[in-house]
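Working notes, beginning with the structure itself.
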């Protein structure tokens, strides 16, 4: 009897062991994945990043560091007071005007065969993070020609296929892909039919006359050219726009339905927006004309502004308290906060309003706009007349507007327009502007 019970217990124990063996093991906690972030290390150095065992990918002049870090390591850095910027869209390529956005880590988007290139001579080069000038120099040394910035952390580079393969192997390059004609065409021209007015921009080293000839040979009626940048304006049958975008010398195509001043394209041509955000400039702060004060908060009384001193023909209606929206309207709640004109003095009695005397050239207002316009009027137009929901008047961003070099700077202005012609400048006026903080 005892032997029979023992045998039964052995059998039951064996079954129990088998059941435990076959039972699903408890799931192991998933490993905390690394992700790319920017850490502000100015005055602190890499010590905290190394202490939490984050991987330092790139050091930007001791001001920023590109890190690969886990969520726990990022939390430790933030707890230590290190400002961290997540780069969640680091591998995103965004051709906003064309309406094409894709993740380079996944691959190229689906594009119609007629808008793809099988023999590319320009490529998108996406970098591992904010772009260093030395990286572009390295590509130039290999025979490539970086042409213009693309969101995010990318450049369109003219080069042959062999060079593109070599560039793809550089340690600071994360992805290289063809610059297809589809990326050059704005969505507003995607279904164009009949005679369509367009502006065509060529790459920097292309002759505008050669560009005009190439566009003309594809059936376009060219009516104007420009040299800086190479630009051709033409009427063309809508169905031919894809073929024009496929030309090797074409950088991109604009919809140009009505005669417009060339400065409507200033944001693209000048590229000021590259310096407005530290994520694209690689600098420790933004370059918009203002820095947070000691409290570290944007838009408070201790903010530190860049002051621009100008001597020129005049400034709009000649008032330091009212005038063009781009100097007196903005993202703040009160008119006083948005008023960025510190002082205006008409020294000649011929500088008010700007352009009313001495040749009727409102040069001063134009210069002030290039320097410190915040693009308010353009953004208001996009919202009110175009219904653009991606634009905001209060978001402290200007990449969708025709803003100037420093869209948050303040202005001290001396009107020196001669009543006949030219300017009547005076060195003392600079001293007045220095006194205003310039």
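Numbering (the numbering used here), first residue to last: 475 to 912. C-beta: ideal position from N, C-alpha, C; glycine also.
Three-state class that DSSP yields for residue i in the structure shown
{"i": "residue 547", "result": "helix"}
{"i": "residue 884", "result": "strand"}
{"i": "residue 684", "result": "helix"}
{"i": "residue 585", "result": "coil"}
{"i": "residue 512", "result": "strand"}
{"i": "residue 870", "result": "coil"}
{"i": "residue 664", "result": "coil"}
{"i": "residue 638", "result": "helix"}
{"i": "residue 580", "result": "coil"}
{"i": "residue 704", "result": "strand"}
{"i": "residue 629", "result": "strand"}
{"i": "residue 851", "result": "helix"}
{"i": "residue 801", "result": "helix"}
{"i": "residue 896", "result": "coil"}
{"i": "residue 856", "result": "helix"}
{"i": "residue 613", "result": "helix"}
{"i": "residue 568", "result": "strand"}
{"i": "residue 785", "result": "strand"}
{"i": "residue 670", "result": "strand"}
{"i": "residue 598", "result": "strand"}
{"i": "residue 777", "result": "coil"}
Contact under 8 Å by Cβ, residue i with residue j
{"i": "residue 763", "j": "residue 846", "result": "yes"}
{"i": "residue 650", "j": "residue 598", "result": "yes"}
{"i": "residue 608", "j": "residue 620", "result": "no"}
{"i": "residue 674", "j": "residue 685", "result": "yes"}
{"i": "residue 637", "j": "residue 668", "result": "no"}
{"i": "residue 768", "j": "residue 716", "result": "no"}
{"i": "residue 896", "j": "residue 838", "result": "no"}
{"i": "residue 771", "j": "residue 910", "result": "no"}
{"i": "residue 652", "j": "residue 676", "result": "no"}
{"i": "residue 776", "j": "residue 765", "result": "no"}
Between the CA atoms of residue j and residue i - distance to the nearest angstrom
{"i": "residue 879", "j": "residue 844", "result": "6 Å"}
{"i": "residue 672", "j": "residue 711", "result": "10 Å"}
{"i": "residue 783", "j": "residue 908", "result": "8 Å"}
{"i": "residue 512", "j": "residue 860", "result": "36 Å"}
{"i": "residue 912", "j": "residue 545", "result": "44 Å"}
{"i": "residue 593", "j": "residue 693", "result": "23 Å"}
{"i": "residue 700", "j": "residue 562", "result": "39 Å"}
{"i": "residue 662", "j": "residue 555", "result": "46 Å"}
{"i": "residue 893", "j": "residue 828", "result": "12 Å"}
{"i": "residue 855", "j": "residue 702", "result": "27 Å"}
{"i": "residue 613", "j": "residue 509", "result": "26 Å"}
{"i": "residue 610", "j": "residue 698", "result": "33 Å"}
{"i": "residue 505", "j": "residue 644", "result": "29 Å"}
{"i": "residue 526", "j": "residue 679", "result": "48 Å"}
{"i": "residue 606", "j": "residue 642", "result": "16 Å"}
{"i": "residue 735", "j": "residue 541", "result": "Confidence is the limiting factor: at residue 735 the pLDDT is only 44, short of 50, which leaves the residue's position unreliable and the question unanswerable from this model."}
{"i": "residue 473", "j": "residue 538", "result": "Residue 473 is absent from the model: the chain starts at 475 and stops at 912."}
{"i": "residue 615", "j": "residue 639", "result": "15 Å"}
{"i": "residue 817", "j": "residue 728", "result": "39 Å"}
{"i": "residue 807", "j": "residue 881", "result": "17 Å"}
{"i": "residue 836", "j": "residue 567", "result": "40 Å"}
{"i": "residue 558", "j": "residue 552", "result": "7 Å"}
{"i": "residue 648", "j": "residue 580", "result": "12 Å"}
Residue of the options minimising C-alpha distance to residue i
{"i": "residue 519", "options": "530, 714, 838", "result": "530"}
{"i": "residue 690", "options": "666, 664, 718", "result": "718"}
{"i": "residue 596", "options": "628, 604, 788, 776", "result": "628"}
{"i": "residue 665", "options": "705, 635, 713, 638", "result": "713"}
{"i": "residue 535", "options": "515, 542, 661", "result": "515"}
{"i": "residue 898", "options": "825, 876, 863, 884", "result": "825"}
{"i": "residue 601", "options": "574, 697, 564", "result": "564"}
{"i": "residue 659", "options": "709, 706, 687, 720", "result": "720"}
{"i": "residue 810", "options": "786, 774, 906", "result": "774"}
{"i": "residue 573", "options": "604, 864, 876", "result": "864"}
{"i": "residue 805", "options": "872, 790, 862", "result": "872"}
{"i": "residue 604", "options": "626, 695, 590", "result": "626"}
{"i": "residue 571", "options": "582, 790, 633, 657", "result": "657"}
Exercise. Would the segment 866–878 and the segment 894–905 be scored as touching if the rule is three or more Cβ pairs under 8 Å?
Worked result: no
Problem set entry | Cβ contact (3+ pairs, closer than 8 Å) linking the segment 795–805 and the segment 849–863 | yes
For this session: Would you be able to state if there are at least three C-beta pairs under 8 Å between the segment 816–832 and the segment 876–891?
Result: yes
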